[in-house]
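**Q** Residue numbers (the numbering used here), protein chains in the order written: chain S, 1 to 292; chain A, 293 to 551; chain P, 552 to 870; chain Y, 871 to 1267.
Structure provided below as structure tokens; questions to follow.
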């Protein structure tokens, strides 16, 4: 039983990371229907920024987290401006290829500048383990869980309660109509990228702290997993992305704990396909029937 | 007069909303019938039910095939189409990036066979079938004066011609019934007059049943032999154009309670 | 005059171009202008053409966004590797070809029947998942030698065989596109609901395109395994599917000649960049972004390089 | 007219086939075998500088560059009395088999190199074999570990393929012996890298020769960061040790997470762990009770003159501790140098002959002897980490 609860904790902390990344995918997809392949690499940028400022400028954890969010938000906006905005009226598959290009560029550019070796992340927070009835949980795990929940909440509030959030929702339903009623399309999309990328930046710093190892290719695998999580949850839906992230995290943990670790990813994909067959738009996705 | 399509107590619910309730209709061979009603009356929903795009909540649709009335319940859209139901769409659904000729050839898909290896390895018989079917398609296009635009992309045609092509594409399927969903929408009076002539010509030359949704009353009153009136999902009235024009309930539905 | 008869002139022109290409390559090798390095580059380009043409059939013509091409390629590659290691003969090689195609077709049916109901990006992610499942299974099987992959595969796929196979798969694909089947799958791409209303069983036709694409991917996989003599599960990951997709989109979705152009451009670019060491992928990525931003619908868009147009152009100039 | 055109069409395929056969006959090459040396000795590097294995490839590149720099500083390699400098041609294979084949073809045909160092991984390594064999240019891989890498299908040795590292069977069985005899571990759980032949090959070899009970074998993928689920599942298996063959980037995390989960049993690994970064990633406190098999020990290095010199030179050059990958790559270059000097020729065919005859070569990673299967034989040690530092090195016979 202890083992079971321990595994649940393991799954939740893994899932919270996927969830945090999936949020960025889901927001960007919701608003411009683009699979932002470079999202995982922005998370890598966040981790490297954290590494740099903690090591060189001796920032504390909170400051490093916030500054990484700002920097990643900015880079998200710049990437959107340079690489995606010129393609807004092109076929969506073109923008997808550009996103892949951006992803390659960030990965290999960072490898070129900083080397492709894994490096250790400075321990800005000392790890303390708590033992609750035989189930172990560390302060960093709690911190990640808490921070992701707070960020998701803030995100939900921004989308539901603010003017910008309303604009985002309007654009995601129909950008032409939104523009007609006075929504500044460019600003809204930039804001979405900033928000999504800031989430990724936060995830980067937290993961650096939690796992203590970062490298230029670190965004690749979690990026794809987080994308799967976003699709499972219903891409475009914020609660869906969170749910999808936790689901994938728990699922991976379950598969590994019963000794099928070699097939870990395969099981995740099987579940993905099954969920899509039952709910073609994901768990929380709205099934929009084409009007005839 | 033989009945070709019989609709019995058709009901369609979307969630809690009843879009179509207890609609019964009957279409006879070679008849031109119109389905009218105010906006949101459920006309297009009825069309979609008849052509299998959506499935009904309850009720029965039967279609006459080989002297028998066959139920269309649980039949897929393409199966219903293959039994002889062709349709057009309210918001024109041509294959936009294909040529006019290809649009018609797609509709004729089930009238000829080309095996995979036959077409991929270009057996001589492939060219024979292609020639044959091309001839047929051209002939059909020529009837409607579309053969000169044969190699143009459908999206490059003017609006009125696109409407016409969509009707011709439906005819290419050699249907028994042709469902026309607001064929005159967006047309000017002159184009509408052309369309009226066209529909009459079709019905005369091809001997098919036509069911037509239309807002343009002049067109409906000119063409239809019989009219069904739908309001708020219910069948309000049925009769000849004259009868409908004098029906109090119909006038009320169209002009509102105060009228 | 109906178009088909006139097409003969142009078809024959294409054949002459193909045969000329073959003899040109042959001559260049004989005089030593093409060494094994350049030959290697060409063969990899040709294999990419086979892959990308198949994917273009699925994405560009049937309109189904598949990201799982590498999975079917893996099936072909492993079938050839396993069979030719047991039966070392050209006959064994051709048998492995057919067997690989059959297995790939079965796999495509298994994947396609449930997933082709999905649309757009959902289909993409589902097919990507399916391809990953195939790769993970291969990675954990004994007969495939696990992650170490298979090597010392006898080389039967020499450049002439790859060239001929490229020509054959292209002819088959193009002929399919320009026949009843091709018209139908294009109509499905254009408007699924309208196609259904024309009496077309869209599920069946989407599946047909998917299966045909998978079969050509298996052929490319067989050639890849036999030419390189080495394969490993990691060769067939998501990144491989993506690199095929890049060729398709760069050339122009729905343009077969565009696929040819893009495969050559990217193949040459990739080879030239070998001189740039660590920077190679940075430059490659930058080039990719720039091409897409400035040519959003690909190098050729949906147009084809057509000899007919070339002829009429020359005629116009000379008049 | 139409029929004849169709016939042409149908006949096209067969015509091409015939043409293919003809081409096969007429393209036979009449070149002399191998690349002869010019004024300088060209060494090609076919290396994983980008892609999944880029981290290891770049470490090896550093080792290669250091070796060449040192040799050239001394005037070059003595070829039959004449000193020739080395020109290094470094090319990236993207950790991809097809690119590796292409890079190898370019190195042997265009660059006309006399020998190749690399690639780092078995997959990329096997992909280059056909091209270098055709050109008769030898290659030394610093880290391709699959037992069959140097062998042809028939079991005969590949004439132009050499390696500077152990093959998996040797290292895996040594680890098994060490676990059973030295650590007295009767129950072991295996946690292996499943994304390359390295982890799975070692796990297989370990399983084969381990005498105790293997309670669980689990796998992870390159790039994985979370091993908590697997480690938790090990917890109630009453294990005495964990055998975790893989590279430092993942094993470092495994050590860290195992210790945090309260699993304090010995963790045994392989030479992919022998990198100072391991302790950095794991955290020095966690990196205790950790063992790995390695040819190259920083502790033993103090007694071995060659290794000591290399360690200092590497630190001066790159400002960091030398990882095993760099040491192996450094040795690969020097093995080629040794072969050239012994054969008194820098022609590629001669280098291959020389490499096959290397005996008791004094390398950084120990005294190397190339056996009949072109494997490098050298002593193996098990290093022990305590608090992130190498605290002992046990030689296993």
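Glycine included, C-beta positions come from ideal geometry on N, C-alpha and C.
Can you find a CB in chain P that lies within less than 9 Å of the CB of residue 1020 of chain Y?
**A** Counting from 1 along the fourth chain, the entry for residue 1020 of chain Y is found at position 150. Not an interface residue.
**Q** Leaving out five residues on either side along the sequence, give the residues of the same chain with a beta carbon under 6 Å from the beta carbon of residue 1234 of chain Y.
**A** Working through the fourth chain from its first residue, we reach residue 1234 of chain Y at position 364. Correct list, in chain order: 1176, 1177, 1180, 1197, 1200, 1201.
**Q** Where are the beta strand (DSSP E) runs, 3 residues long or more, that stay fully inside the segment 85 to 139 of chain S, in chain order?
**A** List check, beta strand (DSSP E) in window: 129 to 132, 135 to 138.
**Q** Which stretch, first to last residue, makes up the beta strand (DSSP E) that contains residue 1011 of chain Y?
**A** By 1-based counting over the fourth chain, the position of residue 1011 of chain Y is 141. Taken as a continuous stretch (DSSP letters only), the beta strand (DSSP E) holding residue 1011 of chain Y covers 1009 to 1011.
**Q** Name the chain A residues whose beta carbon is nearer than 7 Å to that of residue 742 of chain P?
**A** Here residue 742 of chain P is taken as the residue at index 191 of the third chain, counted from 1. Simply 385, 387.
**Q** Just the Cα atoms here: how many angstroms apart are residue 398 of chain A and residue 761 of chain P?
**A** As a position in the second chain, residue 398 of chain A is number 106, starting the count at 1. As a position in the third chain, residue 761 of chain P is number 210, starting the count at 1. Their Cα atoms are separated by approximately 19 Å.
**Q** State yes or no: is the C-beta of residue 356 of chain A within less than 9 Å of the C-beta of residue 468 of chain A?
**A** By one-based count along the second chain, residue 356 of chain A stands at place 64. By one-based count along the second chain, residue 468 of chain A stands at place 176. Yes, Cβ-Cβ distance for residue 356 of chain A and residue 468 of chain A is below 9 Å.
**Q** What does the alpha-carbon distance come out to for the pair residue 141 of chain S and residue 264 of chain S?
**A** Position 141 of the first chain, counted from the start, is the residue given in the question as residue 141 of chain S. Position 264 of the first chain, counted from the start, is the residue given in the question as residue 264 of chain S. Distance between the alpha carbons of residue 141 of chain S and residue 264 of chain S: 22 Å.
**Q** For the segment 948 to 967 of chain Y, which residues have a beta carbon sitting closer than 9 Å to at least one beta carbon of chain P?
**A** Correct list: 960, 961, 962, 963, 964, 965, 966, 967.
**Q** Could one say the Cβ of residue 319 of chain A lies closer than 9 Å to chain P's Cβ atoms, at least one of them?
**A** Within the second chain, residue 319 of chain A is the residue found at index 27, counting from 1. So no, residue 319 of chain A is outside the interface.
**Q** Are the segment 698 to 712 of chain P and the segment 309 to 329 of chain A in contact at 8 Å, needing three or more beta carbon pairs?
**A** Judged by Cβ distances under 8 Å, the segment 698 to 712 of chain P makes no contact with the segment 309 to 329 of chain A, as fewer than three pairs qualify.
**Q** Report the three-state DSSP secondary structure of residue 1247 of chain Y (helix, strand or coil).
**A** What you label residue 1247 of chain Y is simply residue 377 of the fourth chain in a count that begins at 1. Residue 1247 of chain Y falls in the strand class under three-state DSSP.
**Q** Enumerated in chain order, which unbroken segments of the alpha helix (DSSP H) with a length of 4 residues or greater are wholly contained in the segment 363 to 413 of chain A?
**A** Taking only runs of at least 4 residues, the alpha helix (DSSP H) segments lying wholly in the segment 363 to 413 of chain A are 369 to 376, 392 to 399, 408 to 412.
**Q** In angstroms with no decimal places, state the Cα-to-Cα distance between residue 896 of chain Y and residue 590 of chain P.
**A** Taking the fourth chain and counting its residues from 1, the one referred to as residue 896 of chain Y is at position 26. Taking the third chain and counting its residues from 1, the one referred to as residue 590 of chain P is at position 39. Reliability fails at residue 896 of chain Y, whose pLDDT of 44 lies under 50, so the model's placement of it is uncertain and no value is given.
**Q** Going straight from the alpha carbon of residue 606 of chain P to that of residue 435 of chain A, what length do you get?
**A** Taking the first residue of the third chain as 1, we reach residue 606 of chain P at position 55. Taking the first residue of the second chain as 1, we reach residue 435 of chain A at position 143. Computed Cα separation, rounded: 39 Å.
**Q** With a threshold of 9 Å between beta-carbons, can residue 1153 of chain Y be considered close to chain S, or not?
**A** As a position in the fourth chain, residue 1153 of chain Y is number 283, starting the count at 1. At least one chain S Cβ lies under 9 Å of residue 1153 of chain Y.
**Q** Taking 9 Å as the cut-off, decide whether the C-beta atoms of residue 618 of chain P and residue 675 of chain P are in contact.
**A** If you number the third chain from 1, residue 618 of chain P lands on position 67. If you number the third chain from 1, residue 675 of chain P lands on position 124. Yes, they are a contact pair.
**Q** My output table needs one value for residue 961 of chain Y: the three-state DSSP class, helix, strand or coil.
**A** On the fourth chain, residue 961 of chain Y is found 91 positions in, with the first residue counted as 1. It is a strand residue.
**Q** State the DSSP-derived secondary structure class of residue 279 of chain S, mapped to helix, strand or coil.
**A** On the first chain, residue 279 of chain S is found 279 positions in, with the first residue counted as 1. Looking at residue 279 of chain S - three-state DSSP - the assignment turns out to be coil, as it is neither helix nor strand.
**Q** According to DSSP, is residue 566 of chain P helix, strand or coil?
**A** Here the question's residue 566 of chain P lines up with position 15 in the third chain. Looking at residue 566 of chain P - three-state DSSP - the assignment turns out to be helix.
**Q** With 9 Å as the threshold, decide whether the Cβ of residue 299 of chain A is near any Cβ in chain P.
**A** By 1-based counting over the second chain, the position of residue 299 of chain A is 7. By this cut-off, residue 299 of chain A is not an interface position.
**Q** Closer than 7 Å, Cβ to Cβ, to anything on chain C: give me those residues from the segment 1082 to 1114 of chain Y, in chain order.
**A** In summary, chain C is missing from the structure at hand, where the protein chains are S, A, P and Y.
**Q** By Cβ distance below 8 Å, which residues in the same chain neighbour residue 1217 of chain Y in space, the five residues on each side in sequence not counted?
**A** Position 347 of the fourth chain holds residue 1217 of chain Y. 904, 905, 906, 907, 984.
**Q** Assuming residue 222 of chain S contacts residue 21 of chain S under a Cβ cut-off of 8 Å, what Cβ separation, rounded to an integer in Å, is found between them?
**A** Here residue 222 of chain S refers to the residue found at position 222 when the first chain is read from its first residue. Here residue 21 of chain S refers to the residue found at position 21 when the first chain is read from its first residue. With a Cβ gap of about 6 Å, residue 222 of chain S and residue 21 of chain S count as contacting.
**Q** What is the C-beta distance between residue 774 of chain P and residue 649 of chain P, in whole angstroms, given that I count them as a contact (C-beta under 8 Å)?
**A** The residue given as residue 774 of chain P occupies position 223 in the third chain. The residue given as residue 649 of chain P occupies position 98 in the third chain. Their Cβ separation, rounded to whole angstroms, is 14 Å, which puts residue 774 of chain P and residue 649 of chain P out of contact at 8 Å.
**Q** Tell me which residues share the same chain as residue 1240 of chain Y and place their Cβ nearer than 7 Å to its Cβ, disregarding the 5 neighbours each side in the sequence.
**A** Here residue 1240 of chain Y is taken as the residue at index 370 of the fourth chain, counted from 1. Result list for residue 1240 of chain Y: 1032, 1225, 1226, 1228, 1246, in chain order.
**Q** Between the alpha carbons of residue 1029 of chain Y and residue 1221 of chain Y, how many angstroms are there, rounded?
**A** Locating residue 1029 of chain Y in the fourth chain gives position 159, counting from the first residue. Locating residue 1221 of chain Y in the fourth chain gives position 351, counting from the first residue. Their backbone Cα atoms lie some 11 Å apart in a straight line.
**Q** Considering only DSSP beta bridges, list what residue 531 of chain A is partnered with.
**A** Translated into positions along the second chain, residue 531 of chain A becomes position 239. Bridge partners of residue 531 of chain A: A:519.
**Q** What residues from the segment 1120 to 1134 of chain Y come within 8 Å of chain S, judged by C-beta to C-beta, listed N to C?
**A** Within the segment 1120 to 1134 of chain Y, the qualifying residues are 1122, 1123, 1126, 1130, 1131, 1132.
**Q** Quickly, what does DSSP pair residue 361 of chain A with across the bridge? List them, please.
**A** Here residue 361 of chain A corresponds to residue number 69 of the second chain, with the count starting at 1. Partner(s): A:356.
**Q** Please go through the same chain and pick out, in chain order, the residues whose beta-carbon is closer than 7 Å to the beta-carbon of residue 1069 of chain Y, but skip the five residues on each side of it.
**A** Walking along the fourth chain from the start, residue 1069 of chain Y turns up at place 199. Answer for residue 1069 of chain Y: 1062, 1063, 1115, 1116, listed in chain order.
**Q** Using a beta-carbon distance below 9 Å, is residue 670 of chain P in contact with chain A?
**A** The residue you call residue 670 of chain P lines up with position 119 of the third chain. By this cut-off, residue 670 of chain P is not an interface position.
**Q** For residue 196 of chain S, which of S:158, S:207, S:212 has the nearest alpha-carbon?
**A** Numbered from 1 along the first chain, position 196 holds the residue referred to as residue 196 of chain S. For the residues S:158, S:207, S:212, the minimum Cα distance to residue 196 of chain S belongs to S:158.
**Q** Kindly give me the distance between the Cβ atoms of residue 1160 of chain Y and residue 1109 of chain Y, rounded to whole angstroms, as I take these residues to be in contact under 8 Å.
**A** As a position in the fourth chain, residue 1160 of chain Y is number 290, starting the count at 1. As a position in the fourth chain, residue 1109 of chain Y is number 239, starting the count at 1. No, residue 1160 of chain Y and residue 1109 of chain Y are not in contact; Cβ-Cβ is about 15 Å, not under 8 Å.
**Q** Considering only residues of the same chain and omitting the five flanking positions on each side of residue 164 of chain S, which have a CB-CB separation below 8 Å?
**A** Taking the first chain and counting its residues from 1, the one referred to as residue 164 of chain S is at position 164. So the qualifying residues of the chain are 158, 188, 191.
**Q** Just the Cα atoms here: how many angstroms apart are residue 1094 of chain Y and residue 1263 of chain Y?
**A** Reading the fourth chain from its first residue, position 224 is the one you call residue 1094 of chain Y. Reading the fourth chain from its first residue, position 393 is the one you call residue 1263 of chain Y. So the two alpha carbons sit approximately 30 Å from each other.
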